[in-house]
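Q: Starting off with a structure, shown below.
In the working numbering, the protein residues as written are 1 to 258.
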């Protein structure tokens with residue numbers, strides 16, 4: 001047995017920083033991911049699980065996330081939105097004997113879909129798993145979630161099959177899960193592919209892709225500047241955007257895997 005449980009430490013990249021998820025940050029996480037487009041394809045139990053008020057989201061989060069595992073909150077690094085919470089991901093179902101771990105419970109603010117956020121998040125957490133001796137990382141999504149499934153394949157994971165009637169959705173129906181994995185001997189190629197994508201954004205920071213309107217009282221909505229990417233020298237909010245590079249992950253931000 002070579003695998004050891006990763007330490008719950010901060011993971012820092014060029015565009016994002018991952019910190020251990022705690023209760024104190026849940027209101028910020030609610031503003032990032034508690035939106036219909038995130039839950040639409042099955043995340044967290046599907047649309048019926050969406051909680052639009054902060055208290056409801058916090059209660060849902062305490063039941064949903066694997067707190068005994070390694071849940072992370074994803075924050076932006078650099079630019080006008082430095083430090084903003086834009087998502088979450090978890091290394092869960094940790095089995096050091098079988099050297100197996102599950103990368104899931106992943107969702108992002110729709111404003112960072114199609115940016116380097118998902119690629120770098122995956123690079124950091126997969127690195128933490130394989131650097132600690134794990135031989136297999138599982139990633140899965142609701143079989144109906146085509147955007148997540150495309151994103152998972154896009155990082156280099158291998159499709160293993162469909163687990164039928166795997167878990168109940170919040171509306172009482174049953175979900176089929178599409179299961180993917182990355183093995184330790186595949187990690188160098190996967191890592192190189194993720195790094196190549198990130199290299200296309202060298203010298204830039206992530207800014208929000210659109211401006212959310214204010215919603216009615218009781219709903220959770222986020223603000224933020226319009227745009228896709230800003231130069232590291234500092235595109236101010238509202239300044240002209242730098243065009244997306246050709247290898248931008250058009251589906252990666254929609255990764256609502258669990």
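In this text, a Cβ means the ideal position worked out from N, Cα and C, and glycines have one as well.
Kindly list the residues whose CB is nearer than 8 Å to the CB of residue 177, restricted to its own chain and excluding five residues on each side of it in sequence; keep chain order.
A: The residue given as residue 177 occupies position 177 in the chain shown. The answer, listed in chain order, is 140, 141, 142, 143, 162, 163, 166 and 167.
Q: Which residue's Cα is closest to the Cα of residue 53: 87, 71, 62 and 27?
A: Along the chain shown, read from residue 1 onward, the residue named residue 53 stands at position 53. Ranking 87, 71, 62 and 27 by Cα distance to residue 53 puts 27 first.
Q: Quick test of your reading: residue 15 and residue 205, contact by CB under 8 Å. State the CB separation rounded to the nearest angstrom.
A: Residue 15 sits at position 15 when you count from the first residue of the chain shown. Residue 205 sits at position 205 when you count from the first residue of the chain shown. Indeed, because the Cβ distance is near 7 Å, the residues count as touching under 8 Å.
Q: Would you call the segment 57-66 in contact with the segment 179-198, where contact means no fewer than 3 C-beta pairs closer than 8 Å?
A: no
Q: In the DSSP output, which residue or residues are listed as bridge partners for residue 174?
A: Residue mapping note: residue 174 aligns to position 174 of the chain shown, counting from 1. For residue 174, which the question treats as bridged, DSSP gives the partners 168.
Q: Going by beta carbon distance, what residues of the same chain come within less than 6 Å of residue 71, once the five residues before and after it are set aside?
A: Residue numbering aside, residue 71 sits at position 71 when the chain shown is read from its first letter. Contacts found: 21, 65 and 90.
Q: Could you name the residues that DSSP lists as bridge partners for residue 17?
A: Working through the chain shown from its first residue, we reach residue 17 at position 17. According to DSSP, residue 17 bridges with 12 and 75.
Q: Tell me the rounded alpha-carbon separation between residue 29 and residue 82.
A: The count along the chain shown starts at 1 and reaches residue 29 at position 29. The count along the chain shown starts at 1 and reaches residue 82 at position 82. Those two C-alpha atoms are separated by around 15 Å.
Q: List the endpoints of the continuous alpha helix (DSSP H) containing residue 125.
A: Taking the first residue of the chain shown as 1, we reach residue 125 at position 125. It spans 117-131 - the alpha helix (DSSP H) in which residue 125 sits, taken as one unbroken run.
Q: In chain order, what residues of the same chain lie with their CB nearer than 7 Å to the CB of residue 122, ignoring the 5 residues before and after it?
A: Residue 122 sits at position 122 when you count from the first residue of the chain shown. In its chain, beyond the 5 residues on either side, 155 and 194 have a beta carbon closer than 7 Å to the beta carbon of residue 122.
Q: In angstroms, rounded to a whole number, what distance separates the CA positions of residue 200 and residue 180?
A: Here residue 200 refers to the residue found at position 200 of the chain shown. Here residue 180 refers to the residue found at position 180 of the chain shown. Going from the Cα of residue 200 to the Cα of residue 180 covers about 26 Å.
Q: Roughly how many whole angstroms lie between the Cα atoms of residue 5 and residue 11?
A: Taking the chain shown and counting its residues from 1, one reaches residue 5 at position 5. Taking the chain shown and counting its residues from 1, one reaches residue 11 at position 11. Their backbone Cα atoms lie some 15 Å apart in a straight line.
Q: Cα-Cα, which of 79, 101, 85 and 187 is closest to residue 24?
A: One-based indexing of the chain shown puts residue 24 at position 24. It is 85 whose Cα lies nearest to the Cα of residue 24.
Q: Mind reading off the beta-carbon distance from residue 104 to residue 92? Whole number of angstroms is fine, and I expect it under 8 Å.
A: Here residue 104 refers to the residue found at position 104 when the chain shown is read from its first residue. Here residue 92 refers to the residue found at position 92 when the chain shown is read from its first residue. Indeed they touch by this definition, with Cβ atoms about 6 Å apart.
Q: Just to confirm, is the Cβ distance from residue 118 to residue 41 under 9 Å?
A: Along the chain shown, read from residue 1 onward, the residue named residue 118 stands at position 118. Along the chain shown, read from residue 1 onward, the residue named residue 41 stands at position 41. Taking 9 Å as the Cβ cut-off, residue 118 and residue 41 do not qualify as a contacting pair.
Q: Could you give the DSSP three-state label for residue 85: helix, strand or coil?
A: As a working note, residue 85 is residue 85 in the chain shown. Residue 85 falls in the strand class under three-state DSSP.
Q: Which same chain residues end up closer than 6 Å to residue 184 when comparing Cβ atoms and leaving out the 5 residues on each side of it in sequence?
A: Translated into positions along the chain shown, residue 184 becomes position 184. Closer than 6 Å at Cβ, skipping near neighbours: 130 and 135.
Q: On the criterion of 16 or more Cβ atoms from any shown chain inside 10 Å, does residue 196 qualify as buried, or is it exposed?
A: Position 196 of the chain shown holds residue 196. It is exposed - the Cβ of residue 196 has fewer than 16 other Cβ atoms within 10 Å.
Q: Tell me which residues share the same chain as residue 263 and place their Cβ nearer than 6 Å to its Cβ, disregarding the 5 neighbours each side in the sequence.
A: Beyond the ends of the chain as shown, which are 1 and 258, falls residue 263; an answer cannot be given.
Q: Pull up the DSSP beta-bridge partners for residue 92, would you.
A: Locating residue 92 in the chain shown gives position 92, counting from the first residue. Per DSSP, 102.
Q: Tell me the rounded alpha-carbon separation between residue 35 and residue 110.
A: The residue given as residue 35 occupies position 35 in the chain shown. The residue given as residue 110 occupies position 110 in the chain shown. Distance between the alpha carbons of residue 35 and residue 110: 8 Å.
Q: From the DSSP output, which residues share a beta bridge with residue 158?
A: The count along the chain shown starts at 1 and reaches residue 158 at position 158. Paired residues: 181.
Q: Which of helix, strand or coil does DSSP assign to residue 195?
A: Walking along the chain shown from the start, residue 195 turns up at place 195. It is helical.
Q: How about residue 45 and residue 151: are their beta carbons less than 9 Å apart?
A: The sequence position of residue 45 within the chain shown is 45, counting from 1. The sequence position of residue 151 within the chain shown is 151, counting from 1. No, they are not a contact pair.
Q: Between which two residues does the beta strand (DSSP E) harbouring residue 206 extend?
A: Against the chain shown, residue 206 aligns to sequence position 206. 204-206 is the span of the beta strand (DSSP E), which, as asked, contains residue 206.
Q: Figure out for me which residue from 57, 148 and 138 has the closest Cα to the Cα of residue 182.
A: Here residue 182 refers to the residue found at position 182 of the chain shown. Comparing Cα-Cα distances from residue 182 to each of 57, 148 and 138, the minimum goes to 138.
Q: Using CA coordinates, which residue listed in 2, 149 and 18 is at the minimum distance from residue 96?
A: For the purposes of this step, residue 96 is taken as residue 96 along the chain shown, with counting starting at 1. The residue with the shortest Cα to Cα distance from residue 96 is 2.
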